[in-house]
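What follows is a single structure, written as structure tokens, with notes after it.
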Amino acid sequence: MQINTENNQTALRNLEIATGETISDCYQCGKCTAGCPASMDPSPSLLIHLLKLGLFNQAISAESVWDCMSCLTCSERCPKNVNPAAIIEGLKRIHLNNMDSEINLHSLGQEFLAHSTQQAVVSGFRKFV
Amino acid sequence: MPEKMTHIPYYPGCTLKSKALGYERSAKDCARVIGFEMHDIEKWNCCGASFPLTKDNLMGLAAPTNILVEAEQHCTERKIDAQLITLCSFCYNTLKRTDFAFKEDPGKLKTLNEFLDRKYHGNVKVTHYLEYLRDVIGFDNLSKMVKTDLSHLRVAPYYGCLLLKPEKELGLDDPEEPVILHDFLDALGCQVVDFPGQVDCCGAYLIMRNPDKVLELSHKILDEAAEYGAQTLVTACPLCQSNLDQSEVVRGEMPILYFTQLLAIALGLETEHHQFDTHCVDPKSIVASCQKFKECANAK
């Protein structure tokens, strides 16, 4: 996914193509936010609202996208079949394509890695690198 | 011991061969007693752990597709139904969702087959070990195999996220009010502690970036389980086990078991090599408190 964020409308359309989501389907009921165990702030519904308003850069620079654990609670509960977790992952990918890794691999340490499960490390690489 | 073992192809995944070896060993030992033999598929690779949520990320499907091809070949060579059993919730989720993605969009399958230069025909039924116990063995039958008295044990079933969500694609159980682990524990004869945090996220892979958040989320789950009277908590996911176990170590009260470790105890198996000693919170007292039925009778 390569998205040029200079033009909001184009960026939004490309995000929709990449994620397979229709952002305008969201009617801001807030169910995703109410169920979010990560207590994301800005919340999933606010991130989608920012996108709908064309404030693309504000949405992708929100620190809270990195708090998402892809638990899919939001996606499962959405009454409009929007998949907020996929939209958030789309925002993460745009970030990662334009900058360095979101975690400092060198700072993880041997002891941490010795205690970590392989699936956490692999998932971490998929989501943060 | 059953006369004829059913041959079941099994995908271990990376964690089951290392950190969660006790999970795999207990599952395989129990299977043999129940009547099926889990065979590792010949050439397997990591599934990628997390299913790519963005639709255009086909590269994330390459690893699980390779596994599905291997499973299909394994079954074709042995002339058995194409299926694949898994233990880890992440592997289950990734493999089953990949297969579903191909059913929904055959174009993706074509692209992946061309890219890998292999041929997946889309026939593999991905099954979780719990699902196999419920749907093929039957929890009623399982309860008849129990040889250990667990009636004193208050056990909290913890599902986590990826075993159940998304329901449309996995179809294992209701993601909000699941019962499969409840029914499993019921079959083993323990007291099932139904608690609100059973489907809450433990923090999952956030452990790589924000361990404090994982600690906070895991503590909330453990506090709730303790408040509702649980002595131990069972899970099907190695990452949930690890996050909860490492969070509980501060308090050191509630051991976190894999459901198959408890099953092995229930079936009266030798559990020495099931790696209870690798858990942060030692389950020794729980294991020691479980006595076989005939021993109970003798004691009386």
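These protein sequences, in sequence, are chains F and H.
Sequential numbering of the first sequence, starting at 10, is according to this note's numbering.
Sequential numbering of the second sequence, starting at 44, is according to this note's numbering.
All C-beta atoms, glycine included, are put in the ideal place defined by N, C-alpha and C.
For residue i, does the count of other Cβ atoms within 10 angstroms reach 16, so buried, or fall short, so exposed?
i                    : result
asparagine 109(H)    : buried
isoleucine 128(H)    : buried
arginine 140(H)      : buried
glutamate 98(F)      : buried
cysteine 38(F)       : exposed
methionine 81(H)     : buried
threonine 321(H)     : exposed
threonine 97(H)      : buried
glutamine 18(F)      : exposed
glycine 63(F)        : exposed
glutamate 72(F)      : exposed
alanine 4(F)         : Outside the displayed span of chain F (10 to 138) sits residue 4(F), for which this structure offers no information.
serine 48(F)         : exposed
glycine 118(F)       : exposed
arginine 22(F)       : exposed
lysine 71(H)         : buried
valine 293(H)        : exposed
lysine 101(F)        : buried
threonine 344(H)     : Since the first residue shown for chain H is 44 and the last is 343, residue 344(H) is missing from the structure and cannot be characterised.
glycine 103(H)       : buried
leucine 138(H)       : buried
phenylalanine 336(H) : exposed
Taking C-beta to C-beta, are residue i and residue j nearer than 8 Å?
i                 : j                 : result
asparagine 136(H) : leucine 213(H)    : yes
alanine 151(F)    : cysteine 77(F)    : Because chain F is modelled from 10 through 138, residue 151(F) falls outside the range shown and cannot be assessed.
cysteine 35(F)    : valine 91(F)      : yes
glycine 246(H)    : valine 257(H)     : yes
leucine 228(H)    : leucine 173(H)    : no
proline 298(H)    : glutamate 85(F)   : no
leucine 152(H)    : tyrosine 201(H)   : no
glycine 295(H)    : isoleucine 264(H) : no
leucine 300(H)    : cysteine 73(H)    : no
lysine 162(H)     : valine 222(H)     : no
leucine 231(H)    : alanine 309(H)    : yes
leucine 130(H)    : leucine 205(H)    : no
lysine 168(H)     : glutamine 126(H)  : yes
Roughly how many angstroms separate the alpha carbons of residue i and residue j, rounded to a whole number?
i                    : j                   : result
alanine 114(H)       : threonine 170(H)    : 12 Å
threonine 140(F)     : proline 218(H)      : Residue coverage of chain F in this structure runs from 10 to 138, which leaves residue 140(F) outside it and unanswerable.
serine 132(H)        : proline 281(H)      : 8 Å
glutamine 289(H)     : cysteine 323(H)     : 6 Å
lysine 122(H)        : aspartate 83(H)     : 16 Å
methionine 108(F)    : proline 95(H)       : 20 Å
aspartate 255(H)     : glutamine 127(F)    : 19 Å
valine 242(H)        : serine 79(F)        : 14 Å
alanine 279(H)       : phenylalanine 65(F) : 39 Å
phenylalanine 367(H) : serine 132(F)       : Limits of chain H in this structure are 44 at one end and 343 at the other, which puts residue 367(H) out of reach.
lysine 62(H)         : valine 330(H)       : 20 Å
glutamine 304(H)     : histidine 317(H)    : 7 Å
glutamate 25(F)      : cysteine 90(H)      : 26 Å
serine 110(F)        : lysine 136(F)       : 9 Å
aspartate 226(H)     : asparagine 106(F)   : 45 Å
glutamine 234(H)     : glutamine 67(F)     : 50 Å
threonine 49(H)      : isoleucine 77(H)    : 10 Å
lysine 7(F)          : cysteine 41(F)      : With chain F covering 10 to 138 only, the question about residue 7(F) has no answer from this structure.
valine 130(F)        : aspartate 148(H)    : 30 Å
DSSP three-state label for residue i, please.
i                : result
methionine 81(H) : strand
leucine 205(H)   : coil
valine 277(H)    : strand
isoleucine 26(H) : Residue 26(H) cannot be examined here, being either before or after the span of chain H that is shown, 44 to 343.
leucine 310(H)   : coil
valine 198(H)    : strand
proline 52(H)    : strand
histidine 317(H) : coil
leucine 213(H)   : helix
glutamine 334(H) : strand
isoleucine 57(F) : helix
tyrosine 248(H)  : helix
histidine 164(H) : coil
threonine 303(H) : helix
serine 234(H)    : At residue 234(H) the sequence reads glutamine, which differs from the serine that was named. Three-state DSSP puts glutamine 234(H) in a strand.
aspartate 192(H) : strand
threonine 97(H)  : coil
histidine 225(H) : helix
threonine 129(H) : strand
valine 25(H)     : The first residue shown for chain H is 44 and the last is 343, placing residue 25(H) beyond what the model contains.
glycine 150(H)   : helix
cysteine 134(H)  : helix
leucine 64(F)    : coil
tyrosine 36(F)   : coil
asparagine 16(F) : coil
tyrosine 175(H)  : helix
glycine 65(H)    : helix
When every heavy atom of the ligand COA is checked, does at least one fall within less than 7 Å of the C-beta of residue i?
i               : result
arginine 177(H) : Because no ligand of any kind appears in the structure shown, any question about the ligand COA cannot be addressed here.
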